[in-house]
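Written out below as structure tokens is the structure these notes cover.
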Amino acid sequence: MKVSLLDNALWAASFLGTFVLFTVLLLRKRWQQFPVFTTLIGYYVLENIVGYLVLRYDRPLYPKVYWITFALDFLLQVALIVEVARVVLRPTGTWVRDERTGFIIAGTLGALIAAGLTFAVHPSVPKSMDAWGIRAYLFTSLIFCELFLVAMFTAQKLGLVSRNHVMRLGQGLTAWALISAMVDVAHSYYGVTHLHDFNTLEHVRILAYIGAVAYWTISFWFAEPARRELPEEMQKYLVALHAKVQYDSTQVSSAQNLR
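What follows is the structure, encoded as structure tokens:
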């Protein structure tokens, strides 16, 4: 199949944007807070190079390389969900227990819903491998979209402002995952035999990725604003709670010394 000028332009823009984002993450030392995300972006740079070389010099090998890179991509994205949850739910280095439980419950329900929707889809493709490929993309898009929405809702409850780095990361991921999910649903309807429709939908996916990369590059270049301060009533409550804990601890220690 001949690669069009548009395909080459989108690939070049995607690769260049990913490389610039990776450079920003390293130069601005954002990798210290988001090591998994930085690894994922660096992996995308390497994946683009390997994919280009395989297509150019050993095209029959490409399907195997594709499925291997897809598996690695999936594992890194799962790790990214954990990283976002860690940053959101450990704002001071300690897990916020109530929110962690809610996140786990919502994540489990989201995974079950994503699995149900995925198996309800019957892609119009001649090969079962193609069908499972479309289902796999749809499942990952749905689960990432659902879990990142939960993470972003939790972040707002914990006082993270909208321009915080983890919020910007989640916003870009959610938008990209949502568009990817719609593309995968369209693929399940049109199948992969109509090359024009298939390529058009993939162009939409790539454009969404390029937009997310540009959004992340700008966001991570600038320093994040300060965390939103707690209301005065909450600050007084925490001070009183801290004093009560210290008093109770002193009383317990005194009682133990009298024994």
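Numbering (this note's numbering), first residue to last: -8 to 250.
Beta carbons are placed, not taken as given, at the ideal position from N, Cα and C, and that holds for glycine.
Here the structure is a predicted model, which is why all the values come from computation and not from measurement.
Considering only the alpha carbon of each residue, which of 156, 197, 198 and 189 lies closest to residue 20?
Locating residue 20 in the sequence shown gives position 29, where the first residue counts as 1. When only C-alpha atoms are compared, the closest one is 156.
Below 7 angstroms between beta carbons: does that hold for residue 15 and residue 208?
For the purposes of this step, residue 15 is taken as the residue at position 24 of the sequence shown. For the purposes of this step, residue 208 is taken as the residue at position 217 of the sequence shown. In this structure, residue 208 lies closer than 7 angstroms to residue 15 by Cβ.
Answer yes if the segment 25 to 44 comes into contact with the segment 93 to 101, meaning at least three C-beta pairs across the two stretches below 8 angstroms, and no otherwise.
These segments do not touch.
Give the DSSP-derived three-state secondary structure of residue 216 in the structure shown.
Indexing the sequence shown from 1 puts residue 216 at position 225. Note: residue 216 maps to coil in three-state DSSP.
Does the beta-carbon distance from residue 165 to residue 129 come in below 7 angstroms?
Working through the sequence shown from its first residue, we reach residue 165 at position 174. Working through the sequence shown from its first residue, we reach residue 129 at position 138. No, these two residues do not count as a Cβ contact at 7 angstroms.
Between residue 142 and residue 76, how many whole angstroms is the CB-CB distance? I'm expecting something under 8 angstroms.
Here residue 142 corresponds to residue number 151 of the sequence shown, with the count starting at 1. Here residue 76 corresponds to residue number 85 of the sequence shown, with the count starting at 1. Yes, they are in contact, since the Cβ atoms of residue 142 and residue 76 sit about 6 angstroms apart, within 8 angstroms.
Check whether the segment 62 to 69 and the segment 190 to 200 are in contact - that is, three or more C-beta pairs closer than 8 angstroms.
Short answer: they don't touch.
At what residue ranges does the segment 149 to 210 contain a whole run of the alpha helix (DSSP H), taking only runs of 4 or more?
156 to 181, all fully within the segment 149 to 210.
If you follow the alpha helix (DSSP H) that residue 5 is in, where does it begin and where does it stop?
Counting from 1 along the sequence shown, the entry for residue 5 is found at position 14. That run of the alpha helix (DSSP H) goes -4 to 18.
So, is residue 200 buried or exposed, given that buried needs 16 or more other C-beta atoms within 10 angstroms?
One-based indexing of the sequence shown puts residue 200 at position 209. Classification for residue 200: buried.
Do you know how far the Cα of residue 180 is from the Cα of residue 111?
Position 120 of the sequence shown, counted from the start, is the residue given in the question as residue 111. Position 189 of the sequence shown, counted from the start, is the residue given in the question as residue 180. Answer to the nearest angstrom: the Cα atoms are 12 angstroms apart.
Can you list, in chain order, the residues of its chain whose CB lies under 8 angstroms from that of residue 23, leaving out five sequence neighbours each side?
Against the sequence shown, residue 23 aligns to sequence position 32. Answer for residue 23: no residue qualifies.
By the DSSP assignment, the alpha helix (DSSP H) with residue 51 in it spans what residues?
On the sequence shown, position 60 is the one that residue 51 refers to. Counting along the chain, residue 51 falls outside any alpha helix (DSSP H), and DSSP gives it neither H nor E.
Which of helix, strand or coil does DSSP assign to residue 24?
Mapped onto the sequence shown, residue 24 falls at position 33. Coil, per DSSP.
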